[in-house]
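K.L.:
Sharing a structure with you now.
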Amino acid sequence: MSKSAERGRTHHMSPVQPFRRIVTGHDASDRAVITQDAPPTRVVEIGGPGGPIFYEVWNTRQTPAVIDRQSGEPAEDGLVLGPPERGTRIRVINFPPEDDRIRNLTGAEAAEKFGEMGGADAARSAAGAPHPLMHRTQTIDYGIVIEGELTLVLDDGETIVRTGDIVIQRGTNHAWANRSAANCRVAFVLIDGQYTDGL
12 MSKSAERGRT HHMSPVQPFR RIVTGHDASD RAVITQDAPP TRVVEIGGPG
62 GPIFYEVWNT RQTPAVIDRQ SGEPAEDGLV LGPPERGTRI RVINFPPEDD
112 RIRNLTGAEA AEKFGEMGGA DAARSAAGAP HPLMHRTQTI DYGIVIEGEL
162 TLVLDDGETI VRTGDIVIQR GTNHAWANRS AANCRVAFVL IDGQYTDGL
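Quick note: the sequence shown uses our numbering, first residue 12, plus one each step.
The structure is reproduced here in structure tokens:
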């Protein structure tokens, strides 16, 4: 195949295809430089083979965020569901098609899954809940669908989000359900928040 034909082909992301994380900084002369250009190094598959894959891209630890020359991302042990206090987090999640292993989870099993994500206290599964992986975090989350489609499930209602759609998740109880036959990849920016109005 010619190079021009290769460039014209559509390339679909597979559930395990990496992407680049390009990080900028400053050199000793205060010139802007690229400090990192490689796939994210922290990748976690939840629930074993066939489960969602979390690509931990970056986090900040305070607001305003510290901007220095080249300190790099603050270190973390394991996967943590929410952002640091007064901080932010960006991650990409690959959601494989949902199957009966997810649909039939008990409340205890759902809490265990969130425990694997460093957020057992976020689980809100209860009898009669619209989805077993209902959860709630004290955050504002921007979810940008990069590939595929996903159903956003709330206490009252649901909607399908597709490639290019953006969800502003405002601390509500929710779940994500991939009811399609293909992988869905979503980039999430999580911002530490605080409930008011008795929430």
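Where is the CB? At the ideal position from N, CA and C, for every residue including glycine.
All values reported here derive from a predicted model rather than from experimental measurement.
What is the rounded straight-line gap between the Cα of I113 and the Cα of H146?
P.N.:
What you label residue 113 is simply residue 102 of the sequence shown in a count that begins at 1. What you label residue 146 is simply residue 135 of the sequence shown in a count that begins at 1. Roughly 14 angstroms separates the two Cα atoms.
K.L.:
Per DSSP, what kind of secondary structure is R181 in: helix, strand or coil?
P.N.:
As a position in the sequence shown, residue 181 is number 170, starting the count at 1. Strand, per DSSP.
K.L.:
Counting only beta-carbon separations shorter than 9 angstroms, does L161 have a partner in chain C?
P.N.:
No chain C is part of this structure, which consists of one protein chain only.
K.L.:
Can you tell me the Cβ-Cβ gap for Y153 and V103, rounded? I've got them flagged as a contact below 8 angstroms.
P.N.:
Translated into the one-based positions of the sequence shown, residue 153 becomes position 142. Translated into the one-based positions of the sequence shown, residue 103 becomes position 92. That belief does not hold up - the Cβ atoms of Y153 and V103 are roughly 13 angstroms apart, past 8 angstroms.
K.L.:
Report the option in T46, E56, A188 whose CA atom is closest to the CA atom of T170.
P.N.:
As a working note, residue 170 is residue 159 in the sequence shown. Of the listed residues, the one whose Cα sits closest to T170 is A188.
K.L.:
Does DSSP put D166 in a helix, a strand or coil?
P.N.:
Counting from 1 along the sequence shown, the entry for residue 166 is found at position 155. Residue state, collapsed to three classes: coil.
K.L.:
At the level of alpha carbons, what is the spacing between P85 and L201?
P.N.:
Looking up residue 85 in the sequence shown gives position 74. Looking up residue 201 in the sequence shown gives position 190. For P85 and L201, the distance between alpha carbons rounds to 16 angstroms.
K.L.:
Does V172 pass the burial test, meaning 16 or more other C-beta atoms within 10 Å, or should it be called exposed?
P.N.:
Reading the sequence shown from its first residue, position 161 is the one you call residue 172. Label assigned to V172: buried.
K.L.:
Please identify the residue among A134, G61, Q205 whose C-alpha is closest to the C-alpha of I151.
P.N.:
The count along the sequence shown starts at 1 and reaches residue 151 at position 140. It is Q205 whose Cα lies nearest to the Cα of I151.
K.L.:
Tell me whether the stretch 38 to 45 and the stretch 91 to 99 touch, counting them as touching only if at least three CB pairs, one residue from each stretch, are closer than 8 angstroms.
P.N.:
The stretch 38 to 45 vs the stretch 91 to 99: no contact.
K.L.:
Here's a check: name, in chain order, each residue in its chain whose Cβ is nearer than 7 angstroms to the Cβ of L163, leaving out the five neighbours to either side.
P.N.:
Numbered from 1 along the sequence shown, position 152 holds the residue referred to as residue 163. Closer than 7 angstroms at the Cβ level, and outside the excluded window around L163, lie E169, T170, V172, V178, H185, W187.
K.L.:
How long is the line joining the alpha carbons of L161 and S191, rounded to whole angstroms?
P.N.:
Taking the sequence shown and counting its residues from 1, the one referred to as residue 161 is at position 150. Taking the sequence shown and counting its residues from 1, the one referred to as residue 191 is at position 180. Their backbone Cα atoms lie some 7 angstroms apart in a straight line.
K.L.:
How far does the alpha helix (DSSP H) with I113 in it reach, from first residue to last?
P.N.:
Locating residue 113 in the sequence shown gives position 102, where the first residue counts as 1. Its alpha helix (DSSP H) spans residues 111 to 114.
K.L.:
Where in the stretch 80 to 130 do unbroken runs of the alpha helix (DSSP H), each at least 4 residues long, occur, reported from the N-terminal end onward?
P.N.:
Counting whole runs of 4 or more residues, the stretch 80 to 130 contains the alpha helix (DSSP H) stretches 111 to 114, 118 to 127.
K.L.:
Less than 8 angstroms between the CB of E120 and some heavy atom of the ligand NAD, yes or no?
P.N.:
The ligand NAD is not part of the structure shown, which contains no ligands of any sort.
K.L.:
Rounded to whole angstroms, what's the CA-CA distance from P143 to I57? Just pull it up for me.
P.N.:
Counting from one through the sequence shown, the residue named residue 143 turns up at place 132. Counting from one through the sequence shown, the residue named residue 57 turns up at place 46. Rounded to whole angstroms, P143 to I57 spans 16 angstroms at the Cα level.
K.L.:
In whole angstroms, what separates the C-alpha of G61 from that of G139?
P.N.:
Here residue 61 corresponds to residue number 50 of the sequence shown, with the count starting at 1. Here residue 139 corresponds to residue number 128 of the sequence shown, with the count starting at 1. Rounded to the nearest angstrom, the two C-alpha atoms are 26 angstroms apart.
K.L.:
With C-beta atoms as the reference, is N194 less than 9 angstroms away from N115?
P.N.:
As a working note, residue 194 is residue 183 in the sequence shown. As a working note, residue 115 is residue 104 in the sequence shown. Not in contact: N194 and N115 (Cβ atoms no closer than 9 angstroms).
K.L.:
Contact check, I137 vs F125 under 8 angstroms by CB: the rounded distance?
P.N.:
Translated into the one-based positions of the sequence shown, residue 137 becomes position 126. Translated into the one-based positions of the sequence shown, residue 125 becomes position 114. Here residue 137 is Ala; the residue named in the question, Ile, does not match the sequence. A137 to F125, Cβ: 14 angstroms. No contact.
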